[in-house]
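K.L.:
Take this structure, written in structure tokens, and hold onto it; I'll ask about it next.
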Amino acid sequence: MFKRNALAAIALTLTALLQGCAHTTPEDTAKQNLAVVQHALAPTGSLRVAMYQGSPTSYVAGKDGDDPRGVGYDVGQAFAQKLGVPFEPKVFPNNAEALKAVANGDADFTFTNATEERAKVMDFSPTVLDVEKSALVVKNSRLKKLDDLNRRGLRIGVSKGSSTGEELKPLYPKARLVPVPTLAQAVQMLRQRKIDAFATNNAILYELSDKLPGSRVLPDHWGMEHFAIGVPKGREAGQEFVKDFVQASVANGTVQKAVERANLRGTVAAQ
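Each residue of the sequence shown is one higher than the one before, starting from 1295 at the first, in the working numbering.
Below, the structure is given as structure tokens:
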């Protein structure tokens, strides 16, 4: 008798489950799938977006009550809205600290140059923007072209912890590379002639040039940065969502609007 009752109970349970499945709508399935992606990409319930001060590709503080601007800021905000979670900006003094936060899982999202080295500690979306790299020099500088950087003893500033230093070494072996902690300090060091040039992507260089009257971004480029969305390792359940977001955001103008609002200058090409 016990066995018959137990089997009957199991049968009733299976029937109920099957009936429940039969009543599952496409909307229910979509909600369930989104919940999985939300948990993968924003495990704390909000999207913690890592940015750093002074770069229009990332974050530039607003003036006189204006909203902040930056491609990373705007794209991160759009991504959070699409994901259906609150947007939580986390602003760091430099890119190295922002990247460390993502690598450690203390942030969920960043917008940065997708290098092979960084791909070891985070996963990247398809390329969103390509930006050329050059160098900024002050007014009346003797440096007129990029070839002039290959002078013995020349001091070229690079962002501390960035990929720029390693890329420049073989290109300008005679120059001395000087790590600079923040972009604000780069402006000061150029103004005080503590460095002869500062090298990074053109988007940053044109932003810094506004603070140094008469300064110039040297023509042509010595490298290229490929900007993409970076998320911590181990969040594979959200990879397709990230890829679809990038494709849609490039196609529907979201990225271009962010570029324009950030006043991003230099050679920038949407992929």
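Don't be surprised by glycine CBs; every beta carbon is placed ideally from N, CA and C.
Classify threonine 1323 as helix, strand or coil using the three-state DSSP reduction.
P.N.:
DSSP places threonine 1323 in helix when its eight states are reduced to three.
K.L.:
Where does aspartate 1417 land, buried or exposed, given buried means 16+ other C-beta within 10 angstroms?
P.N.:
Counting Cβ neighbours within 10 Å, aspartate 1417 comes out buried, since at least 16 surround it.
K.L.:
Out of Gly1356, Arg1363, Val1379, Ala1329, which has the shortest C-alpha to C-alpha gap to leucine 1341?
P.N.:
Nearest of Gly1356, Arg1363, Val1379, Ala1329 to leucine 1341, Cα basis: Val1379.
K.L.:
Under three-state DSSP, which class holds isoleucine 1304?
P.N.:
With a pLDDT of 47 at isoleucine 1304, under the threshold of 50, the modelled position of that residue is not reliable, and no figure is offered here.
K.L.:
What are the partner residues of arginine 1449, as DSSP defines its beta bridges?
P.N.:
Paired residue(s): Arg1470.
K.L.:
Check whether the Cβ atoms of isoleucine 1489 and valine 1511 sit closer than 8 Å, and answer yes or no.
P.N.:
It is not a contact, given that the beta carbons lie outside the stated cut-off.
K.L.:
Please check the pair isoleucine 1498 and leucine 1477, which I expect to be a contact at CB under 8 Å, by giving their CB distance rounded to whole angstroms.
P.N.:
Rounded, the Cβ-Cβ distance is 7 Å, consistent with contact.
K.L.:
By the three-class DSSP mapping on this structure, what secondary structure does glycine 1508 have?
P.N.:
Three-state DSSP puts glycine 1508 in coil, outside helix and strand.
K.L.:
Given asparagine 1557, which residues of its chain have a CB within under 8 Å of its CB, disregarding the five upstream and five downstream residues?
P.N.:
Pro1350, Arg1363, Glu1501, listed in sequence order.
K.L.:
Assuming contact is defined by CB atoms lying nearer than 8 Å, are methionine 1345 and glutamate 1426 in contact in what I supplied?
P.N.:
It is not a contact, given that the beta carbons lie outside the stated cut-off.
K.L.:
Quick one: grab the DSSP three-state call for serine 1428.
P.N.:
If DSSP states are grouped into helix, strand and coil, serine 1428 belongs with the strands.
K.L.:
Counting C-beta neighbours from all protein chains within 10 Å, is the total for alanine 1374 16 or more, i.e. buried, or is it exposed?
P.N.:
Flag for alanine 1374 reads buried.
K.L.:
Please classify leucine 1328 as buried or exposed, where buried requires at least 16 neighbouring CB atoms within 10 angstroms.
P.N.:
Exposed, since its Cβ has fewer than 16 Cβ neighbours within 10 Å.
K.L.:
Three or more beta-carbon pairs under 8 Å between the segment 1384-1401 and the segment 1523-1530, yes or no?
P.N.:
With the cut-off at 8 Å, the segment 1384-1401 and the segment 1523-1530 touch.
K.L.:
When you compare the CB positions of asparagine 1389 and serine 1453, do they come within less than 8 Å of one another, or not?
P.N.:
Result yes, Cβ atoms of asparagine 1389 and serine 1453 sit closer than 8 Å.
K.L.:
Drop a sphere of 10 angstroms on the beta-carbon of glutamine 1479, count the other beta-carbons inside from all chains shown, and report buried for 16 or more, exposed for fewer.
P.N.:
Label assigned to glutamine 1479: buried.
K.L.:
State the DSSP-derived secondary structure class of arginine 1654, mapped to helix, strand or coil.
P.N.:
Only positions 1295 to 1565 of the chain appear in this structure, which leaves residue 1654 out of reach.
K.L.:
Does the distance from the CB of valine 1474 to the CB of leucine 1506 come in under 8 Å?
P.N.:
Against a cut-off of 8 Å, the Cβ pair of leucine 1506 and valine 1474 comes out as no contact.
K.L.:
When the Cα atoms are used, what is the spatial distance from lysine 1551 to valine 1369?
P.N.:
Each residue's alpha carbon lies about 10 Å from the other.
K.L.:
So who's on the other strand from glutamine 1347, going by DSSP bridges?
P.N.:
In DSSP, glutamine 1347 forms a bridge with Tyr1353.
K.L.:
Would you decide whether glutamine 1347 is buried or exposed? Buried here means 16 or more other CB atoms lie within 10 Å of its CB.
P.N.:
Glutamine 1347 comes out buried.
K.L.:
Suppose the cutoff is 8 Å on Cβ atoms and the five residues either side in sequence are ignored; what does the same chain contact list for glycine 1508 look like?
P.N.:
Val1432, Lys1433, Asn1434.
K.L.:
Which runs of the alpha helix (DSSP H) spanning at least 4 residues fall entirely within the segment 1510-1562, listed in chain order?
P.N.:
Runs found: 1533-1545, 1548-1555.
K.L.:
Report the three-state DSSP secondary structure of proline 1420 (helix, strand or coil).
P.N.:
Proline 1420: coil per DSSP, three-state reduction.
K.L.:
Would you kindly work out how many angstroms separate the C-alpha atoms of alanine 1324 and alanine 1542, rounded to a whole number?
P.N.:
Using only the alpha carbons, I get a separation of about 18 Å.
K.L.:
To the nearest whole angstrom, what separates the beta carbons of leucine 1437 and alanine 1491, a pair I think is in contact under 8 Å?
P.N.:
About 6 Å separates the two Cβ atoms, so the contact holds.
K.L.:
By the 10 Å Cβ neighbour count, where 16 or more other Cβ atoms means buried, how is valine 1540 classified, buried or exposed?
P.N.:
So valine 1540 counts as buried.
K.L.:
Spatial neighbours of glutamate 1460 within its chain, please: CB distance less than 6 Å, with the 5 preceding and 5 following residues excluded, ordered by chain position.
P.N.:
There are no such residues.
K.L.:
What residue range does the beta strand (DSSP E) around alanine 1480 cover?
P.N.:
Element bounds for alanine 1480: not the beta strand (DSSP E) but the alpha helix (DSSP H), 1477-1485.
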